[in-house]
Ligand code: ADP
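Numbering (the numbering used here), first residue to last: 722 to 1209.
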């Protein structure tokens, strides 16, 4: 009998289910797009029930379109969009509100309030994070301010998406999370590795609503709902960026990856060293396996691949994201223009809520191709900017950058990236690093393979070329960034 691991990759814009075999190769994948809800311009929400239903749909596709038998699936690994907040009634299973997505800025005012209270240094010291609407605690506070009568309701519980899916899959039996997801809530003490009473009091969040925190490789529970006869344990849960770090085999101190998805997420493995950043990076848990913690430093870029979506949907200069390369290749450089993609403010290392984007240096000769090229440069330069900060802060300098995510399909982007970093850029054969990370942790726990058996085939290694010119363009981009911030 064959043995498979089922990875659930619950992302911002879609849910994916990917089946891996014993050699960690993909045998089947199904995907379902999700509807995003924008009740107000800066609000981003989604229907938590739809998220769960999209998972059922994908699992249904798997059994309908393959002859895989439920008993061949040894374990499930869940990886998920982090920080996104769901609160629901544990008796009825009904969410009190839509899921508030990580990107949503609806808690800006609440965040400002806490900043004015002067508690940011305390929060930073305890959590390794900053006060920003990005993280879950202000989202929970927002929900309680909207539904104050629920504060005393003992049946209301909270979860990030991992917890919500686990609770649903176990038929409401298990209310748990893992250390990586917990470490993004602003309620988790990164030193003691537990929920923090003082932080809960600060955000006026009753501790009883929080899930139990487990290792990333733990017996999270078994599937209890009727799902085509699926009856297997859930043996891994891990936030998406940490899963990608594991999936990219960034297992040693200093190993670094970037995921070019909707946003960009750079993580560097700092092994057993917890570094509290002085320059706007986030300290986070990479994973905890069999009680042993590995830490990471993270730089989050709010706009990465979504800049290409804007070229497509906003400007209409390309028909599909893939066309961005072809259009950019029509010109030899960006013709002196630079793009600062601060559509929703700036993430790391600035955490500037007020900044908005700009295109500088336009002349009568500026063409759509220059804009496409400048957009790809902006994506690469945002990464360079953060890697410089990471290297300065950690004193670590990786030999190469591992890359994944939708936009890593763009070779021109990776060439620009390699040149401006003056480092090799390494792309793996397996495209789904995030799902692979979760599957591997589950597969290791299930005993399907050992850590020494994890193998990585590289699809391509991109070497730097003409770094001097690219670094000059980058310096111009940095100046434009300062000017744009001043404008805001
Ligand atoms: P997420 O998981 O955040 O939803 P994905 O990893 O699926 O995102 O990546 C999708 C993003 O990548 C989109 O924003 C899209 O514009 C961008 N993208 C996809 N293909 C390309 C490409 N060939 N060149 C540039 N950007 C691309």
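Backbone N, C-alpha and C fix where the C-beta goes; we use that ideal spot for every residue, glycine too.
None of these values were measured; they are calculated from a predicted model.
Query	Result
Residue(s) in a DSSP beta bridge with residue 752	737
Contact under 7 angstroms by Cβ, residue 764 with residue 817	no
Cut-off 6 angstroms between Cβ atoms - residues of its own chain near residue 732, not counting five sequence neighbours on either side	802
Range of the contiguous beta strand (DSSP E) that encloses residue 1148	1145 to 1149
Residue 962 CB to nearest heavy atom of the ligand ADP below 6 angstroms	no
Residue 731: first and last residue of the uninterrupted beta strand (DSSP E) it sits in	725 to 731
Whole-angstrom distance between residue 744 and residue 1178, CA atom to CA atom	12 angstroms
Environment of residue 990 [buried if 16+ CB atoms lie within 10 Å]	buried
Separation of residue 1134 from residue 823, as counted between CA atoms	26 angstroms
Distance, residue 1030 Cα to residue 1106 Cα	22 angstroms
DSSP state of residue 1102 mapped onto helix, strand, coil	helix
Residue 837 to residue 1022 span [Cα, whole Å]	25 angstroms
CB contact flag (residue 957, residue 798, <7 angstroms)	yes
Bridge partners - residue 958, DSSP secondary structure assignment	799
Short CB-CB distance (under 7 angstroms) between residue 795 and chain C	Among the chains in the structure shown there is no chain C, since it carries only a single protein chain.
DSSP beta-bridge partners of residue 1199	DSSP output for residue 1199 lists no bridge partner at all.
Under the three-state DSSP convention, the category residue 990 falls into	strand
Rounded straight-line distance, which links the Cα of residue 1131 to that of residue 835	41 angstroms
Distance cut-off 6 angstroms: residue 810 Cβ against heavy atoms of the ligand ADP	no
Span of the alpha helix (DSSP H), counted from its first residue to its last, around residue 677	For residue 677 there is no data in the structure shown, the boundaries of the chain being 722 and 1209.
Cβ pair count under 8 angstroms reaching 3, the stretch 1160 to 1180 against the stretch 738 to 758	yes
Proximity below 7 angstroms, CB of residue 1025 to CB of residue 981	yes
In chain order, each beta strand (DSSP E) run of at least 3 residues that lies wholly inside the stretch 926 to 984	933 to 935, 938 to 943, 954 to 960 and 977 to 981
Where the alpha helix (DSSP H) through residue 1140 begins and ends	1132 to 1142
C-alpha distance - residue 953 paired with residue 796, whole-angstrom precision	5 angstroms
Anticipated Cβ contact below 8 angstroms, residue 847 with residue 917, distance rounded	6 angstroms
Secondary structure of residue 886, DSSP reduced to three states	helix
Cβ-based neighbour list, residue 1000, same chain, cut-off 8 angstroms, excluding 5 preceding and 5 following	1070, 1110, 1113 and 1114
contact_flag[the stretch 1190 to 1209, the stretch 1076 to 1089] where n(CB pairs < 8 angstroms) is 3 or more	yes
The ligand ADP heavy atom lying under 6 angstroms from the CB of residue 983	yes
heavy atom of the ligand ADP below 6 angstroms from residue 1095 C-beta	no
Check: residue 1029 C-beta below 6 angstroms from any heavy atom of the ligand ADP	yes
With 16 other Cβ atoms within 10 Å as the buried cut-off, status of residue 870	exposed
Pairwise C-alpha distance: residue 793 and residue 729	16 angstroms
For residue 935 and residue 1064, the rounded distance between their alpha carbons	36 angstroms
Beta-bridge pairing of residue 1079 - partner residues as DSSP gives them	1061
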